[in-house]
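Trainee:
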Amino acid sequence: MVGGGVATLAAGQVSDQAQAPILEALLSCRAQKLAPFYAPGHKGGYGVDAELRVRLGAAAFELDLPELPEFDSLHDPQGPIRAAQALAAELYGAAQTWFLVNGSTGGIQAMIQAVCRPGDRLIVPRDAHRSVVAGLILADVLPVYLEPERLAAQGFALGVSPLAVARALRDWPQARGVLLVRPSYYGTCLDLAAIADIVHAHGLPLLVDEAHGAHLGFHPDLPGSALAAGADLVVQSTHKTLGAFSQASMLHLGRGARLEPERLSQALRLLQTTSPNSLLLASLDGARRQLALGGEASLQRTLELAAQVRTWPLGGLSLLGPEHLPPGYTLDRTRLCVLLAGVGLNGFEADDWLRQQFGVTAELPTWGQLVFILSAGNTQQHLDRLRAGLTALGELKAANPQQGTGSPAEPAQVSAPVLRLSPRQAYFAPTRTVPLEKAVGQVSAELVCPYPPGIAVVMPGEEVTAEVLACLQALQTNGSLISGAADPLLRTLRVVQA
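Following my numbering, the numbering of the sequence shown begins with 2 at its first residue and continues without gaps.
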């Protein structure tokens with residue numbers, strides 16, 4: 002087990018990571034064969050679409066149960082949910098763990114509300130996920146943006162340096178905390194332990210969006226977890242790299258954390274549904290058990306698959322490796338970041354080509370990279386198809402010598418626009434819609450970002466610049482989905498009414 006966290010099991014219960022309290026409770030409820038005069042309306046599957054029942058299986062509906070007395074309440078857990086959360090806390094080395102049924106988004110927003118009050122400042126990285134911006138709006142918090150370090154040759158964000166955090170805390174002593182992202186979408190891990198020491202020296206909490214790192218710390222060849230590095234609050238998307246259903250995540254409180262657990266519970270009661278899906282909760286319970294009982298062996302197989310990829314001759318392609326990273330950064334080797342320089346295609350074009358020709362789909366295409374997630378769910382057959390696709394992609398340059406010497410130039414990195422209103426003020430202000438070219442100099446009322454990875458280019462309250470518009474248009478032209486704008490074609494933009 003990692004960290005030996007403090008479990009908060011109910012009285013009389015004994016820790017046993019082989020248990021799955023939520024699944025066991027659901028199976029027990031199903032076995033009672035109750036006459037179901039309660040929601041959901043499909044009544045154990047009898048009232049569901051016939052084809053849906055066949056395709057998904059009867060058990061999916063039989064176990065889709067509400068918060069029956071024999072089950073538990075997510076907002077005030079006393080039984081199986083409490084026991085399952087305590088087992089997760091013990092495994093991850095947390096003081097307390099909460100299960101999340103609306104993804105890491107709800108956890109990130111709860112962290113912000115637990116740490117900040119309206120009008121407070123929070124230090125956040127510019128490459129934070131859009132859910133952070135939504136959290137700032139909901140909590141009426143003002144951001145202090147940090148520019149992440151970037152890999153010079155490829156241009157993508159690595160993470161925030163300890164020096165940048167120290168400078169921000171010096172310049173903004175009124176800040177209530179620091180929120181960082183680790184690992185990045187590309188698998189790079191910043192020096193979180195050094196940053197934790199800096200933040201804690203100011204008496205502040207360190208919040209970490211570890212959405213892509215639920216598996217970290219469970220194999221000696223992987224970077225350690227954010228909790229082990231000293232983070233006070235950590236959100237993980239258990240569904241991204243482990244075996245939980247999509248949308249199922251966890252929120253961990255570090256031991257010795259600098260805030261009250263009840264603040265988090267209050268925030269989650271405000272943000273999470275009162276009708277949690279029992280299948281999502283059971284999948285979190287199962288993913289925890291799977292990791293506890295066989296996590297290191299499973300990750301060993303995953304790392305062996307990833308190591309195969311690094312031996313392939315890939316022509317014009319290369320893989321991001323530790324040798325590319327500056328001092329202080331480590332790499333999650335289960336994340337494969339393929340560098341496309343020299344192929345003549347950008348990442349959006351390459352992703353389409355791989356999907357059409359080989360049935361291979363990347364997690365994230367960007368201008369100059371393709372990012373692939375390897376996990377316990379990947380097989381050798383999957384890897385064989387990936388090899389065929391990447392080999393053919395790497396040979397495109399040789400087969401088409403008329404192509405340029407590199408992938409199309411990525412738009413220049415956008416300088417952080419000036420924040421003229423708080424995100425909440427801009428979100429709730431009277432607005433007007435203007436043609437895109439008329440938006441320059443106006444205050445954006447929208448959060449507009451390419452998705453994935455969901456990192457905003459312009460945020461509510463920021464001044465729109467020509468540089469921002471050029472970047473958005475270039476990304477859209479080359480296949481990136483622009484999310485958040487009221488006009489999906491990006492012909493217009495909503496701005497704050499002067």
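Beta carbons are placed, not taken as given, at the ideal position from N, Cα and C, and that holds for glycine.
Considering just the uninterrupted stretch of the beta strand (DSSP E) at A158, what are its terminal residues?
Mentor: Unbroken beta strand (DSSP E) run through A158: 158–160.
Trainee: Which same chain residues end up closer than 8 Å to A26 when comparing Cβ atoms and leaving out the 5 residues on each side of it in sequence?
Mentor: E71, F72, D73, G80, P81.
Trainee: Can you give, in chain order, each stretch of the beta strand (DSSP E) that sits fully within the segment 241–283 and has at least 3 residues?
Mentor: Runs of the beta strand (DSSP E) inside the segment 241–283: 250–254.
Trainee: Hey, would you say L391 sits closer than 9 Å to V310, going by beta carbons?
Mentor: The answer is yes: Cβ separation under 9 Å.
Trainee: Mind checking which residues open and close the alpha helix (DSSP H) that includes P81?
Mentor: Run containing P81: 81–93, per the alpha helix (DSSP H) assignment.
Trainee: Run the CB neighbour count on A197, radius 10 Å, all protein chains shown included, and call it buried at 16 or more, exposed below.
Mentor: The residue is buried, with at least 16 neighbouring Cβ atoms inside 10 Å.
Trainee: Taking the alpha-carbon of Q18 as reference, which of A84, E211, A475 has the nearest alpha-carbon?
Mentor: Comparing Cα-Cα distances from Q18 to each of A84, E211, A475, the minimum goes to A84.
Trainee: Please determine, among G360, F349, A245, C190, the residue with the shortest C-alpha to C-alpha distance to G225.
Mentor: When only C-alpha atoms are compared, the closest one is C190.
Trainee: Taking buried to mean at least 16 other C-beta atoms within 10 Å of its own C-beta, is E211 buried or exposed?
Mentor: When all chains shown are included, E211 counts as buried.
Trainee: Can you tell which of L88, S279, L375 has its C-alpha closest to the C-alpha of A40?
Mentor: Cα-wise, what sits closest to A40 is S279.
Trainee: Determine the contact status of E464 and Q498, defining contact as a CB-CB distance below 9 Å.
Mentor: Not closer than 9 Å, so no.
Trainee: Just tell me which of G287, E261, S250 has its CA closest to the CA of Q273.
Mentor: Nearest C-alpha to Q273: S250.
Trainee: Taking Cβ positions, are F101 and L269 nearer each other than 9 Å?
Mentor: The identity of residue 101 in the sequence shown is Leu, whereas the question assumes Phe. Result yes, Cβ atoms of L101 and L269 sit closer than 9 Å.
Trainee: Excluding the 5 residues preceding and the 5 following L24 in the sequence, name in chain order all residues of the same chain whose CB lies nearer than 7 Å to its CB.
Mentor: These residues qualify, in order along the chain: A283, D286, G287.
Trainee: So the candidates are D128, L137, L482, A427; which of them puts its Cα closest to the Cα of V116?
Mentor: Measuring from the Cα of V116, the nearest candidate turns out to be L137.
Trainee: So, helix, strand or coil for T434, using DSSP?
Mentor: Three-state result, T434: strand.
Trainee: Taking the beta carbon of R495 as the centre, do at least 16 other beta carbons fall within 10 Å, making it buried, or is it exposed?
Mentor: Buried.
Trainee: Only counting the same chain, and skipping five residues up and downstream in sequence, which positions put a Cβ closer than 8 Å to that of G255?
Mentor: Hits under 8 Å: A95, A96, L228, G231, A232, D233, L234, V235.
Trainee: Can you give the Cα-Cα distance for V469 and C450, rounded to whole angstroms?
Mentor: Answer to the nearest angstrom: the Cα atoms are 11 Å apart.
Trainee: Assuming L332 contacts L371 (C-beta within less than 8 Å), just tell me the rounded distance between them.
Mentor: That pair is no contact at about 16 Å.
Trainee: Going by beta carbon distance, what residues of the same chain come within less than 6 Å of L207, once the five residues before and after it are set aside?
Mentor: Excluding positions up to five away in sequence, the list reads V179, A197, V200, A232, D233.
Trainee: Closer than 9 Å, CB to CB, is A298 near chain C or not?
Mentor: Here there is only one protein chain, and chain C is not present.
Trainee: Mark G369 as exposed unless 16 or more other C-beta atoms lie within 10 angstroms of its C-beta, in which case mark it buried.
Mentor: With 16 or more other Cβ atoms within 10 Å, it is buried.
Trainee: Can you give me the C-alpha to C-alpha distance between L159 and L476, rounded to a whole angstrom?
Mentor: Their backbone Cα atoms lie some 20 Å apart in a straight line.
Trainee: In angstroms with no decimal places, state the Cα-to-Cα distance between L315 and L355.
Mentor: Distance between the alpha carbons of L315 and L355 is about 14 Å.
Trainee: Alpha carbon to alpha carbon, how far is S484 from L490? Give it in angstroms, no decimals.
Mentor: About 10 Å.
Trainee: Which runs of the alpha helix (DSSP H) at least 4 residues long sit entirely within the segment 179–237? Give them in chain order.
Mentor: DSSP runs (the alpha helix (DSSP H)) wholly in the segment 179–237: 193–202.
Trainee: For F157 versus S185, is the C-beta distance shorter than 9 Å?
Mentor: Contact flag set, yes.
Trainee: State yes or no: is the C-beta of L181 within less than 9 Å of the C-beta of P126?
Mentor: A contact, by the Cβ cut-off of 9 Å.
Trainee: Compute the minimum distance between the beta carbon of K34 and the heavy atoms of the ligand GDP, and state whether it is under 8 Å.
Mentor: Within the structure as shown, the ligand GDP is missing, as the structure has no ligands at all.
Trainee: Let's test the definition: count the other Cβ atoms within 10 Å of the Cβ of Q357 and tell me whether it reaches 16, buried, or not, exposed.
Mentor: Classification for Q357: exposed.
Trainee: Could you name the residues of the same chain whose beta carbon sits closer than 8 Å to that of P431, not counting the 5 residues immediately before and after it, in chain order?
Mentor: Closer than 8 Å at Cβ, skipping near neighbours: V497, Q498.
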